[in-house]
Amino acid sequence: MARLLIDKADYGVHAFMVQLRSLDDFRPMPGIELGDIGLTQGMNSTDNGYAVFCHVRIPRNHMLMRNASVSRDGTYLKAANGKLPYGTMVFTRNVIVHIVAFKLAQAVTIAIRYSVVREQGNLQFNPQFLTESTIMSFRSQHYRLLTTMARAFAILFASKSCDANYKDMMLRQSRGDHSTLQYGHITTASLKAWATHAAAEGAEDARRCCGGHGYSVLSGLPDISADLAAM
């Protein structure tokens, strides 16, 4: 993504395809500097890098011109609707919401399974009863985990609803009707912000519900919690 400048006129940010590495030796192309920012708290299976461009020239036809375009003589043809690129953002946000729903469900499932077998404490508070109770029997544990599981389902169902809205929006846009784009943009932006926050907090609370075992990497909970924090 880069600003499009033609004869000192700024037409805003547009998308371009840029070759980063040579196909012969895979080194960065002239004028391009590539690097990695190193390990992060989570999502380390995904590359986290940077690119610096210094006087890099690319062909005109490397601009993605489905909506807006530039002719050979430098004439800029604007899109029918300047907000059309938001359609991709709508799709991406909904994908993220779908992912965090399953990540949260995964975390709380681990915590619930642990809680129904982990025994600690005597609810009778009577030394005659030697059998300890599972921690899922405690109302606080019961409430925290089942509420979080319900929230995971709510996020998933909301994601499915947004997915249906997105497909309807794309169908309308194929006919030149962009009337639902604004609603899709607002809905997914709001849902993504809430869902990622709720999932990150829920996974961390599920980890805490497992006590010291939740601190162990073998439980899988620290990795899930770290990945959700990055979203």
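Here this note's numbering is used: position 17 in the sequence shown is 265, and no number is missing along the way. Where is the CB? At the ideal position from N, CA and C, for every residue including glycine.
- The C-alpha of VAL318 is placed about 37 angstroms away from the C-alpha of SER409.
- When HIS433, HIS390, GLY468 and ASP425 are compared, the shortest CA-CA separation from ASP411 is found for HIS433.
- Residue burial is scored here from C-beta neighbours: ALA446 has at least 16 other C-beta atoms within 10 angstroms and is therefore classed as buried.
- It is roughly 55 angstroms from the alpha-carbon of LEU469 to the alpha-carbon of THR323.
- Counting along the chain, GLU380 sits inside no alpha helix (DSSP H), nor does DSSP assign it H or E at all.
- Ranked by Cα distance from GLU380, the options GLN389, TYR391 and ARG366 are led by ARG366.
- PHE301: member of the beta strand (DSSP E) spanning 297-301, first to last residue.
- Per DSSP, LEU287 lies in no beta strand (DSSP E) and is assigned neither H nor E.
- ILE358 is classed as buried because its beta carbon has at least 16 other beta carbons within 10 Å across all chains shown.
- When the five nearest sequence neighbours on each side are left out, the beta carbons in the same chain lying within less than 6 angstroms of the beta carbon of MET397 are those of VAL356, in order along the chain.
- Counting along the chain, ASP471 sits inside the alpha helix (DSSP H) bounded by residues 469-477.
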